[in-house]
Amino acid sequence: MSGLWWAGTPATAIPAGRRLLNRPSAKVGAQINCDMKVKDRPFNVNVSVTSVDGKDVKFDMVETVDKNQVASAISTQVGQQVGRRPDAVTCPDNLKGVAGATLRCQLTDGTDKYGVLVTVTDVDAGDVNFHFKVDEQPQAAG
């Protein structure tokens with residue numbers, strides 16, 4: 001989804017997005033995670049400025065999966081696979097809903113911490129499907 005800021009979007013106004021796209025401070029590459037509603041359905045989105053030409057600010061919006069939802073899904077699936085949940089799973093950011101998008105999360109098991117690579121496999125009618133792979137070796141203590 002993309003558009004011109006003042007042309008509006010097919011969604012309820014996004015206060016956080018207004019800060020990002022506020023002319024004249026809008027800069028190409030600037031991005032922010034926001035909440036929005038389309039037909040009363042809530043979505044998490046990432047808004048990125050793609051171009052600025054005077055007062056014209058163009059942007060893209062990509063649906064995201066909240067980082068806590070991603071972490072919870074990993075924890076649940078690991079628990080089902082190995083018989084117990086890890087002590088913790090954390091992700092640094094929301095997962096962008098674009099096929100091929102990746103995110104590195106961290107799984108804690110006792111004193112060991114493992115990297116987790118999360119990859120979006122496809123997006124179907126607003127549902128973001130992803131798989132993950134836990135690193136075979138724990139991260140070096142540091």
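According to full-length UniProt numbering, numbering within the sequence shown proceeds without interruption in unit steps and concludes at 142. We put the beta carbon where it would ideally sit given N, CA and C, even for glycine. Owing to the predicted nature of the structure, the values given are computational and were not obtained by experimental measurement.
Residue span of the beta strand (DSSP E) that contains residue i, given as start and end
i	result
LYS133	127-134
GLN31	31-38
LYS113	112-124
LYS58	56-65
GLN106	102-109
ASN94	Per DSSP, ASN94 belongs to no beta strand (DSSP E) and is neither H nor E.
ARG84	ARG84 -> no beta strand (DSSP E), and no H or E assigned at all.
Closest by C-alpha distance to residue i, when choosing among the options
i	options	result
VAL128	CYS91, THR102, SER51 and THR108	THR102
PHE132	ASP66, LYS67 and VAL120	VAL120
CYS105	ALA125, VAL123, ASP122 and GLN139	GLN139
GLU136	PHE130, ASP124 and ASP112	ASP112
GLY79	ASP109, ASN33 and VAL118	ASP109
PHE130	ALA141, ALA71, LEU107 and ASP35	ALA71
PRO92	LEU107, MET36 and VAL38	LEU107
VAL65	LEU95, ALA125 and THR90	LEU95
LYS67	GLY100, ASN33, ALA141 and ALA99	ASN33
ALA99	TYR114, ALA125, ALA88 and GLY54	ALA125
Rounded distance between the beta-carbons of residue j and residue i, thought under 8 angstroms
i	j	result
VAL52	LYS27	7 angstroms
VAL123	VAL134	In fact, because the Cβ distance is near 23 angstroms, the residues do not count as touching under 8 angstroms.
VAL49	VAL57	6 angstroms
Endpoints, the alpha helix (DSSP H) within which residue i is located
i	result
LYS27	Taken as a continuous stretch (DSSP letters only), LYS27 belongs to no alpha helix (DSSP H), as it is neither H nor E.
- Task: Would you be able to state if there are at least three C-beta pairs under 8 angstroms between the region 70-88 and the region 39-56?
- Result: no
For the pair the region 43-61 and the region 79-86, tell me if three or more CB-CB distances fall below 8 angstroms. no
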